[in-house]
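Participant: Residue numbers (our numbering): 32 to 177. Have a look at this one.
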Amino acid sequence: MIINALHDKPLPVYGKGENVRDWLYVEDHCRAIDLIIHKGKVGEVYNVGGHNEMRNIDIVKIICRELGKPESLITHVEDRKGHDMRYAIDPTKIHNELGWLPETKFEDGIKKTIQWYLNNREWWETIISGEYQNYYDEMYGHRKEV
């Protein structure tokens, strides 16, 4: 969504965008994984959640607002058949057993994420242009046979 918004491309949203997801900043997720690796019990399952359920349409509107882009870029597309209206995560176990809670407020995390995209254009532009795949293929993939 961020890249499309930066390029003034349509922002496709399923249905009315009322699907609810639990949003979590990437560094909080990484801290949770690290904690599980080092302190979790082998064989146990720990759900990692942000305690931050929001509708998809609200996230897209936040991205538009933060980038100064018009909400008219939002394009509602047909929803997938059987698409879940809500993904719910209960992170009680990781909190109770390992003491983990997200540290980043959603408002700060979305701003940091958008800023990352603004600061790292060269990285993601290489990927979306196809240049990265060509580099990867040359280095690791399609080797010419003799």
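Just so it is clear, CB atoms sit at the ideal spot from N, CA and C, and this is done for glycine as well. Remember, it's a predicted structure, so these values are computed and weren't measured experimentally.
Measure how close the beta-carbons of H107 and V44 come, nearest whole angstrom, since I'm counting them as under 8 Å.
Facilitator: Contact flag correct, Cβ pair sits at about 6 Å.
Participant: Taking the alpha helix (DSSP H) that Y77 belongs to, which residues open and close that run?
Facilitator: Here Y77 belongs to no alpha helix (DSSP H), and DSSP marks it neither H nor E.
Participant: For M32, which option in G46, I94, K47 has the closest C-alpha, if you only look at C-alpha atoms?
Facilitator: Minimum Cα distance to M32 is reached at I94.
Participant: Between E176 and the rest of its own chain, which residues show a CB-CB distance below 6 Å, the 5 nearest in sequence each way excluded?
Facilitator: Caution is warranted here: a pLDDT of 46 is assigned to E176, below 50, making its placement in the model unreliable, and the coordinate value is therefore given only provisionally. Contacts found: none.
Participant: Give, in chain order, every unbroken run of the beta strand (DSSP E) that is at least 3 residues long and sits entirely within the segment 97–158.
Facilitator: Here the runs fully enclosed are 105–108.
Participant: If we ignore side chains and look at the alpha-carbon of each, how far apart do D89 and D121 end up?
Facilitator: Rounded to whole angstroms, D89 to D121 spans 22 Å at the Cα level.
Participant: Buried or exposed, going by whether 16 or more other CB atoms sit within 10 Å of the CB of Y56?
Facilitator: Y56 should be labelled buried.
Participant: List the whole-angstrom C-beta distance separating E84 from T135, where the pair is believed to meet the contact cut-off of C-beta under 8 Å.
Facilitator: About 16 Å separates the two Cβ atoms, so there is no contact after all.
Participant: With hydrogens ignored, establish whether the beta-carbon of M85 is closer than 6 Å to any heavy atom of the ligand SAH.
Facilitator: This structure does not include the ligand SAH; it has no bound ligands of any sort.
Participant: Check for me: the alpha helix (DSSP H) holding E84 runs from which residue to which?
Facilitator: Element bounds for E84: not the alpha helix (DSSP H) but the beta strand (DSSP E), 84–86.
Participant: In terms of alpha-carbon separation, which member of N35, G140, G48 lies closest to E109?
Facilitator: Out of N35, G140, G48, G48 has the C-alpha closest to the C-alpha of E109.
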